[in-house]
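When you read off a place in the sequence shown, starting at 1, and then add 263, the result is the number in our numbering. Backbone N, C-alpha and C define an ideal beta-carbon position, used for all residues, glycine too. Being a predicted model, the structure only gives us computed values, none of them experimental.
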Amino acid sequence: MHALRLRGLFVKLVLMFMIVGFGALFLVSILMSQFSSGRYESSIRSFFNSLNQQQLAALASGTDPRDREACNVLASKIFWAVVKDGVTRVSDFGVMFSYFHSGRMQVRILGDDSVLCATQPDATPLLSKAMSEAAHAGQPNFIQRDNEDWAMIQQVSLPLANNSQALIGVQYWSQWELYDEVIDVTVYDYIRTFILINSMGASVAALFVWRLFRRIKRATTVADQWAAGDLRARIKDGSRDEFGRLMQRFNSMADAISKSFDTQKALAISVERNRIARDLHDTAKQRSFVLGLKLTELEYEAQGHAPLLPTVESARRLADHLQHDLENVVSGFNLPAIADYGLYETLLRSVRDLLAGSGVQWSINWPENARSAFDGVPEIAQELLMITHEAVANALRHAQCRAIRIDCRPGARWHWSITDDGQGFDLGKAPFGMGLSNMRWRANTLPGGTITIQSESTGTSIDVSFKLPVAGQS
264 MHALRLRGLF VKLVLMFMIV GFGALFLVSI LMSQFSSGRY ESSIRSFFNS
314 LNQQQLAALA SGTDPRDREA CNVLASKIFW AVVKDGVTRV SDFGVMFSYF
364 HSGRMQVRIL GDDSVLCATQ PDATPLLSKA MSEAAHAGQP NFIQRDNEDW
414 AMIQQVSLPL ANNSQALIGV QYWSQWELYD EVIDVTVYDY IRTFILINSM
464 GASVAALFVW RLFRRIKRAT TVADQWAAGD LRARIKDGSR DEFGRLMQRF
514 NSMADAISKS FDTQKALAIS VERNRIARDL HDTAKQRSFV LGLKLTELEY
564 EAQGHAPLLP TVESARRLAD HLQHDLENVV SGFNLPAIAD YGLYETLLRS
614 VRDLLAGSGV QWSINWPENA RSAFDGVPEI AQELLMITHE AVANALRHAQ
664 CRAIRIDCRP GARWHWSITD DGQGFDLGKA PFGMGLSNMR WRANTLPGGT
714 ITIQSESTGT SIDVSFKLPV AGQS
């Protein structure tokens, strides 16, 4: 299919080049015929003024102008002497006067103001009129005009009796270039021009199509990736021409669509999390609360049965852990939606709600110019929010802390840390319900993510390190 399209484009370009080529030749011929009259007039005038009149007069030596045959020979000699000089000194001299067989150049021999003889063929009407008037004008150089056409006459005195002189006349026809290049050509000329233009057109079209095909192929490959759902792919085209700018717009469109899909996905996840939170609150959490009450009642009744008391106490503690775990899960599901507020505002709301009424002081240290860095990666923002929520909830329940600090440090590797000033704990003996494994799992899902947990008697520090992808990369 691609090859078919390219063949179609190639043929169209060749045809267009051929049409434009012939049209350009025709247009140039018209323009040249309109603007070259003055240039050729100056060239012919300069040529006539520089003619070697002595050499031309010498051709008449020994000629009897009354002898018609001798007169014709003299006129022919002067004619071809002028032609020989003209074709070497004036551009397009021969073509301009139709190779001297159209009557646009003639030599007349005059004696006693009458025409003794003239070269053949007969002069054109304009040239004939100009030569007749030049014979009586008495000017060495005479010009007769008819719109864009003109005829120029040069007089040459001959060393003969009867005041003999030669009139050399040429007529400029303004349409001669158009006629010569477009009309008065042979089939061979048309075929040669056709082959030349088509060869040039095919070469240019082939080069253009080849270069364009490479760029189209790159764009098509990326478009196929987009169609398959991979909106991270981008068209690599650094050219600044129209096609390159179009590819930049396609990339911008892919960025916008990708961001829109991410936002929709984040909103859908938020809606589903809220639904799960409601279901857990209305079912499992309420039942675990009732289970805790029943086990407390059973523990009271088991006071008189010493063998059963340890088992009942253990069951009640497990029920308490279950309630705390369900509370953590429900509160995590009920976090504000990142898609609505962004990570920074969502984090503020989450920590404020979690620590409300606890008396714990808290702060978030996050450079203002980096607060929008997670807008394009909501999945990373969600994991950081869940890790922070888990760490703050643990510090609130177990550390007996007075202050919690959350830090975000941008760089080649970003660092996200949660630090408290509580009593700490032994990592090797951490209770099952503290969610450390969940935090490790979430940190490992981040790009290049690692987590470091340090706990001493002066407090606990949790540091998550990861790489934040740039726009357009996975």
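Cβ separation of I249 and I669, assumed to be a contact under 8 Å, to the nearest whole Å: The structure shown has nothing for residue 249, since the chain only spans 264 to 737.
Buried or exposed by the 16-neighbour rule on C-beta atoms within 10 Å, applied to Y563: exposed
Inside the stretch 325-412 only - alpha helix (DSSP H) runs reaching at least 4 residues: 331-352, 356-359, 388-400
V575 in three-state terms, based on DSSP: helix
Inter-residue CB distance, A397 and Q369 (contact presumed, cutoff 8 Å): That pair is no contact at about 12 Å.
Span separating the alpha-carbon of R331 from that of A338: 10 Å
Residue from L314, Q434, D327 with nearest C-alpha to L390: Q434
Closest by C-alpha distance to A468, when choosing among L278, S720, S700: L278
Contact belief for V727 with G712 at Cβ below 8 Å, rounded distance in angstroms: 7 Å
Residues of its chain near G432, where Cβ-Cβ distance is below 8 Å and the 5 sequence neighbours each way are ignored: M368, Q369, V370, R371, A386, L390, A393, M394, A397, A414, M415, I416, Q417
Coarse secondary structure for W473, derived from DSSP in three states: helix
Residue burial classification, L617 (beta-carbon count within 10 angstroms, cutoff 16): buried
Where A666 falls: helix, strand or coil (DSSP): strand
Contact set for S350: own chain, Cβ-Cβ below 6 Å, skip 5 residues either direction: What sits at residue 350 in the sequence shown is Val, not Ser. Answer for V350: F356, G357, listed in chain order.
Residues of its chain near V353, where Cβ-Cβ distance is below 6 Å and the 5 sequence neighbours each way are ignored: S306, F310
Through-space distance from I479 to E631, alpha-carbon basis: 42 Å
Reduced DSSP secondary structure (H/G/I, E/B, other) of Q493: Inspection of the sequence shows that residue 493 is occupied by Asp rather than by Gln. In the structure shown, D493 sits in coil (DSSP, three-state: anything other than H, G, I, E or B).
contact_flag[the stretch 399-411, the stretch 457-474] where n(CB pairs < 8 Å) is 3 or more: no
Per DSSP, the bridge partner or partners of Y435: W413
N- and C-terminal bounds of the beta strand (DSSP E) containing R566: For the record, residue 566 in the displayed sequence is Gln; it is not Arg. Looking at the DSSP string, Q566 is not in any beta strand (DSSP E), and its letter there is neither H nor E.
Cα-Cα separation between A637 and I643, rounded to whole angstroms: Reading the sequence as shown, one finds Phe at residue 637 and not Ala. Cα to Cα, the separation comes out at about 7 Å.
Buried versus exposed, by CB contacts within 10 Å (16 or more), L606: buried
As assigned by DSSP and simplified to three states, the class of I458: helix
N426 vs C380 beta-carbon contact at 7 Å: no
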